[in-house]
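Q: Structure incoming, see below.
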Amino acid sequence: AQSVAQPEDQVNVAEGNPLTVKCTYSVSGNPYLFWYVQYPNRGLQFLLKYITGDNLVKGSYGFEAEFNKSQTSFHLKKPSALVSDSALYFCAVRDMNSGAGSYQLTFGKGTKLSVIP
Amino acid sequence: DAGVTQSPTHLIKTRGQQVTLRCSPKSGHDTVSWYQQALGQGPQFIFQYYEEEERQRGNFPDRFSGHQFPNYSSELNVNALLLGDSALYLCASSITVNTEAFFGQGTRLTVV
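Chains B and C, in that order, are what the protein sequence lines are. Heads up: take any position in the first sequence, counting from 1, add 123, and you land on our numbering. Heads up: take any position in the second sequence, counting from 1, add 73, and you land on our numbering.
Given below as structure tokens:
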């Protein structure tokens, strides 16, 4: 079974400050890891992914995430937060060994990011 | 490219009724997955369709069923609606095992 934990329901950060949204995961095999963002009454928008290779992954809108295998973490980061970054952020995992035909993503409960002007 | 499109955007049904939700995948994508997102929760996997067959299923009862058509579009059917089925239903499409899933804007289902 695979699972994702996002330990913070809400993260508040001042505009211009760096932000971090935390995510830890559990899979039996090697993970595919994703971050999605959701604005009110909208679907999910893809931000970035880790499949293999460099542990620091760069994505859309200046976001990046660091894969740490020993800590089973995939924290989302941004050097300078914008008010427009305020949204709901979801971390998701798929087990690389779950089979060639499996696209099942397991999501965390989400973290609400509020960037204060 | 229209991306993943879902219809309708909002729907109100009465307990016990049946509902059908529709999804057109992103151009070039052949795999469609459906997710249920209850208020304040992350999306929960319902099932996945590939080559017109259900390939994988999450922990949802048989009241939830689906279909995929030759043009890769998909339907989600829910029978005997319960109040607890009220949620945002998300469709996602993808093409290969190494790529991300692209999500539609969702259908907000309210059961009264």
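Here a beta-carbon is modelled for each residue, glycine too, at the ideal position from N, C-alpha and C. Bear in mind the structure is a predicted one, so any value in this text is a computation, not a measurement.
Apart from the five residues just before and just after Gly139(B), which ones in its own chain have a Cβ nearer than 8 Å to its Cβ?
A: Within the same chain, Gly139(B) has close Cβ partners Ser203 and Ala204.
Q: Determine, using beta carbons only, whether Phe190(B) comes closer than 8 Å to chain C.
A: Phe190(B) does not count as touching chain C.
Q: Taking the straight line between their C-alpha atoms, what separation do you get for Gln125(B) and Glu127(C)?
A: Each residue's alpha carbon lies about 20 Å from the other.
Q: Note down, in chain order, every chain C residue with its Cβ under 7 Å from the Cβ of Leu228(B).
A: What Leu228(B) touches in chain C: Phe118 and Ala174.
Q: Please confirm whether Leu149(C) and Leu94(C) have their CB atoms less than 8 Å apart.
A: Against a cut-off of 8 Å, the Cβ pair of Leu94(C) and Leu149(C) comes out as a contact.
Q: By the 8 Å beta-carbon criterion, what residues does the segment 128-158 of chain C contribute toward chain B?
A: Against chain B - using a Cβ distance shorter than 8 Å - the residues of the segment 128-158 of chain C are Arg128, Gln129 and Gly131.
Q: From the DSSP secondary-structure annotation, give me the bridge partner or partners of Glu127(C).
A: The partner list for Glu127(C) (beta bridge, DSSP) reads Tyr122(C).
Q: Buried or exposed: where does Ala189(C) fall if 16 or more other Cβ atoms within 10 Å of its Cβ makes it buried?
A: Nothing in the structure corresponds to residue 189(C), since chain C is present only between 74 and 185.
Q: Can you confirm whether Leu199(B), when its beta carbon is compared against all beta carbons of chain C, has any partner nearer than 8 Å?
A: Not an interface residue.
Q: Using a Cβ cut-off of 8 Å (strictly closer), state whether Leu167(B) contacts chain C.
A: So, interface residue.
Q: At the 8 Å Cβ level, is Thr183(C) part of the contact set with chain B, yes or no?
A: No - not a single Cβ of chain B is within 8 Å of the one on Thr183(C).
Q: Looking at the C-beta of Gly152(B), does it have a partner C-beta in chain C at a distance below 8 Å?
A: No, because no Cβ of chain C sits closer than 8 Å to the Cβ of Gly152(B).
Q: Would Ser237(B) and Ser209(B) qualify as a contact pair, given that the criterion is a beta-carbon distance under 8 Å?
A: For Ser237(B) and Ser209(B), yes; Cβs fall inside 8 Å.
Q: Using the rule of at least 16 other Cβ atoms within 10 Å of the residue's Cβ for burial, across every protein chain shown, is Thr82(C) buried or exposed?
A: When all chains shown are included, Thr82(C) counts as exposed.
Q: Might you give, ordered along the chain, the residues of its own chain that have their beta carbon closer than 7 Å to the beta carbon of Tyr159(B), omitting 5 neighbours on each side?
A: Taken in chain order, the residues that qualify are Leu167, Gln168, Phe169, Leu170, Phe213 and Ala215.
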